[in-house]
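Here the structure is laid out as structure tokens; the discussion comes afterwards.
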Amino acid sequence: GLLAALGPRGLKIGVVLSVVIGIEIVWALSTVGLAWFAQDPASASVSSVALIGVALFTRHAFAFEATSILILVAMVGAVVLARKEH
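Count along the sequence shown from 1, then add 5; that gives the number in this note's numbering.
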């Protein structure tokens with residue numbers, strides 16, 4: 006399978022990435038809590054980049070972090086799929 010193809014080095018990298026992602030999820034939940042479930046969608050009055058940034062890093066921090074993790078995993082997957090076999 007995939008783990009056998011990656012070998013022990015790939016397994017170590019996977020464990021390290023899992024720990025980092027776990028710490029990031031714990032940080033995001035401890036910073037924001039579960040209040041992000043009850044948030045209203047962004048209102049039409051938000052027109053400034055600064056206001057959008059503040060909203061991303063306060064009220065919507067968990068969604069922002071989850072999206073960044075998803076994009077990171079997609080990039081790593083693309084690199085793994087694109088690299089040539091030796």
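For every residue, glycine included, the Cβ atom is placed at its ideal position computed from N, Cα and C.
First and last residue of the uninterrupted alpha helix (DSSP H) at Ser73: Within the sequence shown, the letter at position 68 stands for residue 73. It spans Ala66 to Ala87 - the alpha helix (DSSP H) in which Ser73 sits, taken as one unbroken run.
Would you call the segment 27-38 and the segment 69-86 in contact, with 3 or more CB pairs under 8 Å? yes
Within 8 Å, strictly: CB atoms of Leu34 and Phe67: Taking the sequence shown and counting its residues from 1, one reaches residue 34 at position 29. Taking the sequence shown and counting its residues from 1, one reaches residue 67 at position 62. Yes, these two residues count as a Cβ contact at 8 Å.
Top-ranked residue by Cα proximity to Ser23, from Val59, Leu75 and Ser53: Taking the sequence shown and counting its residues from 1, one reaches residue 23 at position 18. The closest CA to that of Ser23, considering only Val59, Leu75 and Ser53, is found on Leu75.
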